[in-house]
Each structure stands twice: as C-alpha cells, then as structure tokens.
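Structure, as structure tokens:
Residue numbers (our numbering), protein chains in the order written: chain E, -5 to 106; chain R, 6 to 119.
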C-alpha cells in the first residue's frame, strides 16, 4: 500500500507561472485535504473535499483551486504563482468518521 | 490567531523525559492528537485522546488532558536522539459541519542532546 502519494516532491516556479500538485490515495478514503506549512505557523488548511466531485474552501484558499474528479485523486492548482506561495504543501486523507489523517510526504514549492 | 497553541522549542538530554505542552480552545466534544514530523517528511500520527478522557499511555508516550484548563501534554519517557523532530498538537471537532478538519498548533521543535 502506497498510502498518500504526492507529486512532484520539489518544484521551482517563476512568478506568474501555473502548476498542479497531485495527491493520490489508495485507501478508498472519503475525505481529502490540502495544507500548507510555513515556519512558525503550523499547518493551514487550503481546500478540502468530502467526496468525489465536491470541494470546499479552507482557511487560506486565495490563489488556489482544487478538483476531485476521481475519489482517489485531489489536485491543487496554482493559476498564477506568487512568492507568497512558497511553502511546503501537504495532502492528507481520512475515511469518514476516522480518528486521524494519513499524510503525504509533502511538496516543497519555491516561487521566485 | 490560532486556536491551538504550543511552545516553539524544547531541548532535552538523552535519557530524560520530555514534556510538550499544548492549549486548545474548542469547547465541544473533540479529539486531540499528537503528530510527529521528522525532517523532510510528512506528519506521522503518534497518539490521540478523546476529550472525555484524562490520560492515555502508549509505551513511552503518555498523554494528559486537563479539560478544565483545555491543556494537553505529551510526555516522552527515556527520550532518544530519534525523538528529535517537530511535534504538532491538533484538535478535531466532532460538530457535523466540521468535516473532519483539524486545527493544528505551530509545532514544537524538540532537540535531543547526548
């Protein structure tokens, strides 16, 4: 079992470029989440999904879009990257009613 | 500001006990968690406790919950160099529209010295 897989692991973007981060889980989990981690700020929720075809905004959604066309995949898009989006991005998933998340290993994104 | 607060740094000698503290604010029934993050890795669930419990022990880990003060602590007995990591406290509300979302603290960097 791979658990939660994030691709890519590292990326450098120029300001204004776009990209998509992919999160894939093979545990048939209903809920999926995208967080960003910044020093001294813990993890902040960007967007989340409670099932295939559904998405919702989290704490810091501006500048990001998401899609959940298939249950196992949750995509995070940056349409026009900004230096403020330099961060480590984590995807997590959980079954409905579960007690904890399974996290991916993260994507380190630098916007120059 | 954050609803979950932690101290940012803890230094401990190898073999001693570590105690990491956390305060939370959600007054509803909730689960409280401790996650460990090693350098360059994702978060690993260490343990969790439901808000109607006072204590939970799992091998070297002891979680204590003071519901009155909304204070959570994680004690690591016989701390080893492999325990050096960032430890996150998190709470998860059980209210129906919370959708399993967590509120994380900023993390406590634990450094274990020989």
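We put the CB at the ideal spot given by N, CA and C, even for glycine. These numbers come from a predicted model, not from an experiment.
Hey, residue i and residue j are a contact pair by Cβ (cut 8 Å); roughly how many whole angstroms apart?
i	j	result
residue 19 of chain R	residue 113 of chain R	Actually they are not in contact, since the Cβ atoms of residue 19 of chain R and residue 113 of chain R sit about 18 Å apart, beyond 8 Å.
residue 44 of chain E	residue 19 of chain E	Contact flag wrong, Cβ pair sits at about 14 Å.
residue 87 of chain E	residue 21 of chain E	7 Å
residue 88 of chain R	residue 68 of chain R	Between residue 68 of chain R and residue 88 of chain R the Cβ distance is about 15 Å, and since that is not below 8 Å, they are no contact.
residue 58 of chain E	residue 70 of chain E	6 Å
residue 9 of chain R	residue 29 of chain R	5 Å
residue 79 of chain E	residue 105 of chain E	5 Å
residue 90 of chain E	residue 25 of chain E	7 Å
State the DSSP-derived secondary structure class of residue i, mapped to helix, strand or coil.
i	result
residue 106 of chain E	coil
residue 90 of chain E	coil
residue 12 of chain E	coil
residue 19 of chain E	strand
residue 42 of chain R	strand
residue 66 of chain E	coil
residue 60 of chain E	strand
residue 78 of chain E	helix
residue -2 of chain E	strand
residue 147 of chain R	Lying outside 6 to 119, the shown extent of chain R, residue 147 of chain R is not represented and no answer is given.
residue 50 of chain E	strand
residue 96 of chain R	strand
residue 24 of chain E	coil
residue 30 of chain R	coil
residue 10 of chain R	strand
Out of the options, state which residue places its alpha-carbon closest to the alpha-carbon of residue i.
i	options	result
residue 22 of chain R	R:60, R:83, R:117	R:83
residue 98 of chain R	R:15, R:111, R:31	R:31
residue 97 of chain E	E:85, E:24, E:33	E:85
residue 73 of chain E	E:56, E:38, E:102	E:56
residue 62 of chain E	E:9, E:3, E:23, E:103	E:23
residue 95 of chain R	R:117, R:40, R:70, R:76	R:40
residue 103 of chain E	E:51, E:50, E:90, E:75	E:75
residue 25 of chain R	R:106, R:73, R:91, R:118	R:91
residue 6 of chain E	E:-4, E:94, E:81	E:81
residue 81 of chain R	R:13, R:55, R:62, R:70	R:62
residue 11 of chain R	R:78, R:60, R:74	R:78
residue 52 of chain R	R:14, R:64, R:118	R:64
residue 77 of chain E	E:9, E:47, E:-4, E:94	E:9
residue 106 of chain R	E:11, E:60, E:38	E:38
residue 47 of chain E	E:64, E:14, E:27, E:15	E:64
Going by other Cβ atoms of all chains shown within 10 Å of its Cβ, with 16 needed for buried, is residue i buried or exposed?
i	result
residue 110 of chain R	buried
residue 41 of chain E	buried
residue 6 of chain R	A caution first: residue 6 of chain R carries a pLDDT of 38, below 50, which makes its placement in the model unreliable, though a value can still be read off. Looking at its Cβ environment, which holds fewer than 16 other Cβ atoms inside 10 Å, residue 6 of chain R is exposed.
residue 34 of chain E	exposed
residue 48 of chain R	buried
residue 42 of chain R	buried
Of all the CB atoms in chain C, is at least one closer than 8 Å to the CB of residue i?
i	result
residue 35 of chain E	The chain inventory of the structure shown lacks chain C, comprising the protein chains E and R.
I'd like to confirm something about residue i: is its beta-carbon nearer than 7 Å to some heavy atom of the ligand HEM, or not?
i	result
residue 17 of chain E	Ligands displayed in this structure: none; no statement on the ligand HEM is therefore possible.
What are the start and end residues of each continuous beta strand (DSSP E) run of 3 or more residues lying completely inside the segment 61 to 93 of chain R, in chain order? Qualifying beta strand (DSSP E) stretches, in chain order: 66 to 71, 76 to 81.
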